[in-house]
Amino acid sequence: MRAGTSEKQRGVEISEEKDDPFVCFGYHRSTPWTWLSYALCVLTVGFSILVFYWKPDWFIRMTCYACDLQEADSVIIKDIYRRNHVCSIRKLQINSESECSAETLRMLFRHDVVVDGIWKYFRYQEMLYVWHPTNKAFYKLRALDGATSCSEFYDKLQNGLSRQEAAERRYVYGLNKIVIQVRPILVLLVQEVLNPFYVFQIFSVCVWMVDEYYIYSGCIILMSFISIALSLYTTRKQSTTLRDMVHSDTVVEVLRKSGESVEVMEEEIVPGDVIILPSQGCLMTCDAVLLTGNCIVNESMLTGESVPVTKTPLPRTSGVDGESAPGYSADKHKRHTLFCGTQVIQTRYYGGEMVKAVVVQTGFSTAKGGLVRSILFPKPMDFSMLKDAIMFIGLLASFAFIGFIYTIVVFVNFGFDAGYIAKRCLDIITIAVPPVLPAALTIGMVYAQLRLKAKGIFCISPQRINTCGTLNVVCFDKTGTLTEDGLDLMGVQLASDGSFGKMKTSVTKDAPVGHLTVAMATCHSLTIINGEISGDPIDLKMFQASGWELEEPTSEETTHFDMMVPTIVRSPATAAKRKSEEVEEVGILKQFPFSSELQRMSVITKSLRDEPMQLYIKGSPELVASLSKMDTVPSDFQEQLNSYTQDGFRVLALATKQLDSKLSWHKLQQLNRDQVERDLTFVGLLIMQNKMKPETKPVIDELMNASIRTVMVTGDNILTAINIARKCGMVGAEEDIVRIEADYCADAKHSALHCTKVTSEQDEISSDYRSFDMDMKNGETSLQIEPFTRRKVHFAIDGKSLEMVRKHHQCVLPQLAVQGTIFARMTPDQKSELVQTLQDLDYRVGMCGDGANDCGALKAAHAGIALSEAEASVASPFTSKIQNISCVPIVIKEGRAALVTSFGMFKFIALYSMIQFVSVMICYTVHSALSNFMFMYSDIFVCTTVILFMGRNKAYHSIAMKKPTTKLFVTPIILSLTLQVAIQTACQAAIFVILKTQSWYVPMVPSKTDKNIQCWETTSVFLVSMFQYTIMAIVYTPGKPYRKAIYRNYLYMVDLFVIIVCSFVMLFYPPTKIEELFEFEHIPSFRFKGIILAVVFGNFILSAFVELFLVSNRSLLKLVSCKNCRRAKRAKYEELMMISTSLGDPD
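So that you can map any letter, position 306 of the sequence shown is 306 in the numbering used here, and since no number is skipped, the others follow by simple counting.
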């Protein structure tokens, strides 16, 4: 965590590792300003209360004065998304009568937090932030994650806490509960009604009721009631579902310092408690670090991956398995940490020893709590359309203000009373600013979500659907995503006397039991669950190829090894001859689990024969070779490895080491992996074939043809990744791949990047490229890599080299991100960092993976898609039951369809509002107004049905190269709206003028005591507007290339047909009842009706011409927008792509 004063006044930045940083501003209550604010609320008849409810930070700024955090009693928090949050600072009195003493607080926080007997903190997004008097800043309340060293768990915590210590910690950390507040229906109702959208609707209904628009007002009230009821039901159901998902009432066995074990409710456990895990397993209700025994855990709730994971005891030394670190970290030590919400399937213990774990986090601080917080407080979508929509509503409000002034002038001049004028003025506001606009913008997302669900793709964040339509780069995991999840063993290659032997396709036929076979039989994390061997697919394939058997030991069998062992493996020969002297049994005594960061796993075994313990290790070939004795690694190791990886094979290396014969059981349990994983004897290679899924290449081709960039982000070997990239089409046959390698150096001055062209035959430096040191002139680094042949270049880089670039050559990172296509040997954190780097370059990033070790990247991406059998995973916004990447184009197509639907809906609502606004303004000119049923017909029968059915158009079958716009304030949309408003206004004005030239026309004589509705002016204008609504619905219904044609939306076509028929009937042959209901003035002339139809037809021709020809004319758009006279603003990645670089001499 770091805290420091920002450039802004008094702002203190608080940053806590994975949590987003925020700036904290202090405020202290001012009595005079508080009373002044109360007076303002009274003077504004409560409107100020509404404003303060919508903007609570305004209330703090109004009633408080700015001060240092030390003096503050409230804080305003500004997050990285520039949103403001208000938190009250709580002050607790700490004295001799308190439940927790100042000494205990000092011990827990490792510094004094009590000043003058006061302990200060505030709660933000369910996390506690405690005041640090020395640093004058707030720090997030941490339990045992971070500052606690690994040895402390064994030296100070393994015996548990006393009841008094537990009670004191419970006072500080609170109950171990993830509380989801399910608000009462009445509270939800009030909060929903106080939404600005419904407040404006209440205002509109009040205006209409005063103006005697009872039927229409009733319809709006009914629709609003249904909308609120659905919203309340959805909100309540989501809260209830989330509460039920996290709720549990489990009894936990806790070890006390006295040595006794007691059963307590899960909510009573605190950080520092030692819990005893039952042999039959349990559901974890906290985060705990394992001290003794092994656990088999299902972490699918966190990762979406159902393969069981083995958890082993925490090493005693600080750092994770040999890596230096300040103390215990759940991320670094995740193979030793049991996370809240995961299911412990079974435990394994030694002798009479209990399986114990120390609680490190509780409540919302746990892994499960973090996921729940991400649901409760989601990352806001940076989507410009929503911002533009608010601005456009402001623009419509300006039209309303103009109409407001015009209405006052017209009616005052005629002499209407003030009450009537007020009603007409307020009415014009409800017309110019459409209340249905916010709801209409979501209809496309709703239909898209339903279509995705029907295809087996589930979305827990519907707002992300529109974002999917803007994606321009998609990152893919390799194994299980681009390629099959399972692997087929192609063969093994034994190393002996510094050279490789011939590759064998089987180790079970005519092969003596050697280190290679034993390594394949023991170096895994497999376990038996319900009578079946379960575990990682690669481990399973390898073990099955060995031909050995895996059995859970009985107490009698384990006595052969003079110690308790968790797993025994037996060779095929011994399976048939259990009593023979040739019995080959091996016990797995200790396991160092696989780590993505370390790229290896290992086990310590002991044979039934009186032999020393043996270490077996399995991992990436490069890493295993680096840990092995040089004389045991074949001289042609790299060439042999390259020959396999370039052909797309997955290669693992095996090595072994005989341990000291004096090594005892207890010393073995205290060993750290870096103590034994060195000076190994290289055994051989395991060659496995990872077939590419048949759907992969067509999908990659479809995305590439749509100019959507594809990137591979994998933990596999870089040459294997390059081979798959070429096979699937990420890299074309006529395109080059340049591998970027960084020398490891402690400082940037001596570091260098080397470029190597990778060919399909062998890994070599091409004549078109040269290895070179970084150009460090003037302290800047430049990377210029472009072939003389001007072929497209793709960069390939591994995780270690990328980390060096990130540390020492930050300015090179953007160029690598823009041209990089293959990122190999990437850790989970590096995957997330790459996604964020791409986002920083203004890319809209999608990520597709299996949810195993890429959860962070899936959550960080604009659209993360997890391939999982579950209906919903908290690991990503989208979860696909389609177990291949064909779900990606489906999501993109539906995203684009939803996006253009939202834009089409927006334009239709805007024109509908302006058409009605113009109609009312013309009517006001002659001191008339539209009737109640005229409003009801246009608002409900026309507008509402169009909104409901317009979004039903399905997505187009292919992805267009041109991406849909994401902004409302762009030249095509502004030009379209401006011209369409002009056309609609001109047509209504034309009919109004033509009407006055008719021989039968008699001007209306307005009455000051009547609304003057029934007149030819109002009837004529309304008849034109009826057709105009339909014209705009047709013109603004988007089709190809993002949605299917309008005629494929059958319900919408029926709706439009019915509306048009009704319009024709009301124009030419209106029934008497209809004329009375709508208060039409009967038009006697069919010739004038024909003129109306001709004007409407001309209106349609002009509107269609504008949309089909003018708005899509690039030359006209450039002229209108003055694009040639100003510099176009480009995205950061586009600026980098436009930099013309060529490789010359290093000089």
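No residue lacks a Cβ here, since even glycine has one placed at the ideal position from N, Cα and C.
Query, Result
"Proximity below 8 Å, CB of residue 821 to CB of residue 936", "no"
"Check whether residue 1004 and residue 926 have beta carbons under 8 Å apart", "yes"
"Euclidean distance between Cα positions of residue 1120 and residue 924", "34 Å"
"Rounded straight-line distance, which links the Cα of residue 818 to that of residue 793", "11 Å"
"Residue range of the alpha helix (DSSP H) that includes residue 726", "718–728"
"Host beta strand (DSSP E) of residue 27 (start-end)", "22–29"
"Inter-residue spacing [alpha-carbon to alpha-carbon] between residue 170 and residue 15", "25 Å"
"Cβ separation of residue 366 and residue 286, assumed to be a contact under 8 Å, to the nearest whole Å", "6 Å"
"DSSP three-state assignment for residue 794, whether helix, strand or coil", "strand"
"Distance CB(residue 207)-CB(residue 423) smaller than 8 Å", "yes"
"The stretch 488–498 contacting the stretch 678–689, beta-carbon criterion three pairs below 8 Å", "yes"
"Beta-bridge pairing of residue 357 - partner residues as DSSP gives them", "275, 290"
"Rounded separation between residue 47 and residue 187 - CA only", "20 Å"
"Contact under 8 Å by Cβ, residue 482 with residue 728", "yes"
"Closer than 8 Å to chain B by CB, residue 1056", "Considering every chain present, this structure includes no chain B. It has just one protein chain."
"Rounded separation between residue 955 and residue 448 - CA only", "9 Å"
"C-alpha distance - residue 402 paired with residue 1042, whole-angstrom precision", "37 Å"
"Residue 461 in three-state terms, based on DSSP", "coil"
"The alpha helix (DSSP H) enclosing residue 164, as first and last residue numbers", "163–173"
"Completely contained alpha helix (DSSP H) runs for the stretch 1006–1082, where each covers 4 or more residues", "1016–1035, 1050–1068, 1072–1078"
"Residue 665 - DSSP class collapsed to helix/strand/coil", "helix"
"Nearest to residue 183 (by Cα), restricted to the options 214, 1065, 625, 240", "240"
"Extent of the continuous alpha helix (DSSP H) to which residue 201 belongs", "196–210"
"Cβ-based neighbour list, residue 1084, same chain, cut-off 6 Å, excluding 5 preceding and 5 following", "1000"
"Distance between residue 688 and residue 112 (C-alpha atoms, nearest Å)", "57 Å"
"Test item: CB-CB of residue 538 and residue 487 under 8 Å", "yes"
"Closest by C-alpha distance to residue 1093, when choosing among 1064, 1080, 1071", "1064"
"Straight-line gap, residue 1097 to residue 1059 (C-alpha atoms, nearest Å)", "16 Å"
"Candidates 248, 603, 811, 1017, of which the one nearest residue 671 by Cα", "603"
"Endpoints, beta strand (DSSP E) assigned at residue 1148", "No answer is possible for residue 1148: the residues shown for the chain start at 1 and end at 1147."
"Beta-carbon contacts of residue 63 that lie in its chain and below 7 Å, excluding the five residues immediately before and after", "29, 30, 33, 34, 37"
"Straight-line Cα distance separating residue 143 from residue 105", "12 Å"
"Cβ contact (3+ pairs, closer than 8 Å) linking the stretch 213–227 and the stretch 387–402", "no"
"Extent of the continuous beta strand (DSSP E) run through residue 505", "Residue 505 -> no beta strand (DSSP E), and no H or E assigned at all."
"Coil, strand or helix - residue 128 by DSSP", "strand"
"Separation of residue 222 from residue 195, as counted between CA atoms", "17 Å"
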